[in-house]
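Take a look at the structure set out below.
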Amino acid sequence: MANIQSNMAGSVWKILVNVGDEVTEGQDVVILESMKMEIPIAAEASGIVKEIKVSEGDFVNEEDELVILE
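Residue numbers (our numbering): 7 to 76.
Structure below.
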């Protein structure tokens, strides 16, 4: 199981995956917005999306869990 975490504080602008989707290492899964910039968050491992821990519009801090892969 792999956890995808935020690498900075910001708002969840867009979620690019759904539960059950297969993702590959390096694929963008969430886009954060911080200081009017879009910051893509990529999967660090391949897997299937087991759980999405955030919703669009949520504020997250650095190292908050965003997506769990299995």
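Think of the CB as a built atom: it goes at the ideal place given N, C-alpha and C, for glycine as much as any other residue.
Partner residues in a beta bridge of Asp64, as assigned by DSSP, do not exist. Distance from the CA of Val55 to the CA of Leu38, rounded to the nearest whole angstrom, comes to 18 angstroms. Only residues of its own chain outside the window of five on either side were considered, and among them Ser12, Asn13, Met14 and Ala15 have a CB closer than 7 angstroms to the CB of Glu68, listed in chain order. Ile74 and Gln33 have their alpha carbons spaced roughly 14 angstroms apart.
Ser52 sits close to Val29, with the two beta carbons spaced by under 8 angstroms.
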